[in-house]
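Structure record follows, encoded as structure tokens.
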């Protein structure tokens with residue numbers, strides 16, 4: 001809008017100057033009959049016109065000042081979000097390190113475990129829930145490690161949901177929001193992305209019940225898809241079978257976040 005106001009401002013000045021110059025500089029123009037008559041050569045009329053134009057310019061100036069103010073407020077909000085995201089991302093890394101510290105060997109690595117289990121399994125909808133919760137068993141009932149993983153993925157969900165809310169409010173453009181989402185995605189390798197996909201599909205079926213929750217989750221899936229969150233996983237030939245197994249079990253079709 002600001003650019004349009006500036007353009008209107010300069011067009012009005014240019015047109016007014018041209019009309020004034022043609023009226024007093026050329027005889028033929030003064031004699032041209034327009035639908036409203038001829039242009040006056042009385043300086044008093046032009047003085048009234050200048051007064052009117054001054055009012056219009058003042059109004060446009062107010063609008064431009066308001067636009068500039070809104071731009072400054074928006075810039076402050078974006079800077080505030082950038083600071084917030086930096087803090088969120090720093091905590092994201094800490095949660096990831098907490099998971100890694102709890103798994104000292106490859107045999108205990110939770111992401112590799114799930115990827116291997118998915119590839120070797122043929123699971124249905126209920127199997128999503130069983131597979132997701134099976135990690136407790138291999139750690140002899142150690143729920144702390146399981147809760148660490150669950151909290152890590154829950155945190156990713158809220159990170160992305162915050163970005164989505166800021167985009168919805170107009171603070172972030174679509175391109176800006178996608179950049180932040182992909183920064184989170186870039187922190188995760190394909191093993192983690194596959195586990196996050198499993199977590200989201202399991203949550204879709206066995207999380208909070210109700211139509212509102214399903215609709216919210218489907219909107220979240222669409223947001224992930226729109227921002228290419230699982231693109232690397234989907235493009236990887238090494239994970240074709242695992243992805244097919246999960247999506248087949250989920251029966252989500254176009255609603256799947258891939």
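Numbering (the working numbering), first residue to last: 1 to 258.
C-beta atoms are modelled at their ideal positions from N, C-alpha and C, and glycine is treated no differently.
Treat the numbers as computed from the prediction; the structure is a model and nothing was measured.
Residue i - DSSP class collapsed to helix/strand/coil
i, result
"residue 256", "coil"
"residue 106", "Any answer about residue 106 is weak, because its pLDDT of 49 lies below 50 and its placement is not dependable; what the coordinates show is given next. Here residue 106 sits in helix by DSSP."
"residue 244", "helix"
"residue 92", "helix"
"residue 129", "helix"
"residue 251", "coil"
"residue 176", "helix"
"residue 230", "coil"
Own chain residues within Cβ distance below 6 Å of residue i, not counting five before or after
i, result
"residue 223", "164"
"residue 203", "none"
Residue i and residue j closer than 9 Å at C-beta
i, j, result
"residue 166", "residue 177", "yes"
"residue 257", "residue 200", "yes"
"residue 155", "residue 197", "no"
"residue 111", "residue 189", "yes"
"residue 182", "residue 153", "no"
"residue 133", "residue 146", "yes"
"residue 160", "residue 89", "no"
"residue 162", "residue 84", "yes"
"residue 129", "residue 205", "yes"
Selection from the options that minimises the alpha carbon distance to residue i
i, options, result
"residue 148", "240, 98, 67, 72", "98"
Residue-chain proximity (residue i, chain B), Cβ-Cβ < 9 Å
i, result
"residue 251", "Note that chain B does not occur in the displayed structure, where there is just one protein chain."
Close beta carbons around residue i, own chain, < 7 Å, minus the five adjacent residues each side
i, result
"residue 69", "none"
Inset, instruction - Assess, as a yes-or-no matter, whether the segment 166–177 is touched by the segment 72–79 under the definition of 3 or more beta carbon pairs within less than 8 Å. - result: Yes, they touch.
Inset, instruction - Check whether the segment 223–237 touches the segment 180–194, taking contact to mean three or more Cβ pairs, one atom from each stretch, closer than 8 Å. - result: Contact between the segment 223–237 and the segment 180–194 is present, because at least three Cβ pairs lie under 8 Å.
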